[in-house]
Amino acid sequence: MTDAKKHEAACHCGTVRFRVRLADGFNTVRRCDCSFCRMRGAVAVTARLGDVDIVSGEQNLTLYQFNTHAAKHWFCKTCGIYTHHQRRSNPDEYGVNVACIEGVSPFDFAEVIVNDGVHHPSDGRSGIAGVLRYSPV
2 MTDAKKHEAA CHCGTVRFRV RLADGFNTVR RCDCSFCRMR GAVAVTARLG
52 DVDIVSGEQN LTLYQFNTHA AKHWFCKTCG IYTHHQRRSN PDEYGVNVAC
102 IEGVSPFDFA EVIVNDGVHH PSDGRSGIAG VLRYSPV
């Protein structure tokens with residue numbers, strides 16, 4: 002089920018602006034524990050490839066790939082914020098940095114699934130590493 006609403010989104014400095022329609026609203030919120038995502042620390046949600054429209058700043062996006070080079074991670078060259086990535090586990094989908102979406106914070110979610118990127122499902126491994134629980138003080 003696709004979320005009919007298009008959400009406004011941007012990097013930290015506002016140079017890269019985009020609109021995103023989420024594949025299943027915020028029901029896909031997740032993190033990954035692979036070496037790259039552990040260091041990046043972002044919480045992502047899913048969008049289909051055709052559901053992310055770069056409104057401005059596309060020339061300011063830079064691409065990073067590692068290991069199998071299957072996933073494509075995009076960042077703003079100016080502020081360094083990760084905006085989205087084309088997923089390795091499903092190349093027909095993007096993972097979108099939830100913190101880039103206007104009015105949304107990664108701390109809005111009490112539980113976030115942690116995908117097992119160390120033992121990636123594309124390598125015939127498990128897939129889910131656990132659940133991260135957030136309890137505001």
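Per our numbering, residue 2 is the first one in the sequence shown, and the count goes up by one each step.
We treat Cβ as the ideally placed atom computed from N, Cα and C, and that holds for glycine.
**OP:** Inspect the beta-carbon positions of THR29 and THR16 and report whether they are closer than 8 angstroms.
**Re:** no
Subject >> Span of the alpha helix (DSSP H) around CYS38 >> reply: 36–41
**OP:** Would you please verify whether the beta carbon of CYS33 is less than 8 angstroms from any beta carbon of chain D?
**Re:** No chain D is present in this structure, which holds just one protein chain.
**OP:** Determine the direct distance from the alpha carbon of HIS74 to that of ALA24, and round the result to whole angstroms.
**Re:** 19 angstroms
**OP:** Tell me whether the beta-carbon of VAL56 lies closer than 8 angstroms to the beta-carbon of ARG22.
**Re:** no
**OP:** Taking the CB atoms as reference points, tell me whether ARG39 and THR69 lie closer together than 8 angstroms.
**Re:** no
**OP:** Return helix, strand or coil for GLY15, following the three-state DSSP convention.
**Re:** coil
Original post:
According to the Cβ coordinates, are ARG49 and ILE114 closer than 8 angstroms?
Top reply: no
**OP:** Count the other CB atoms, across all protein chains shown, that sit within 10 Å of the CB of TYR65; report buried if there are 16 or more and exposed otherwise.
**Re:** exposed
**OP:** Using three-state DSSP, classify GLU103 as helix, strand or coil.
**Re:** coil
Original post:
Is DSSP giving PHE108 helix, strand or coil here?
Top reply: helix
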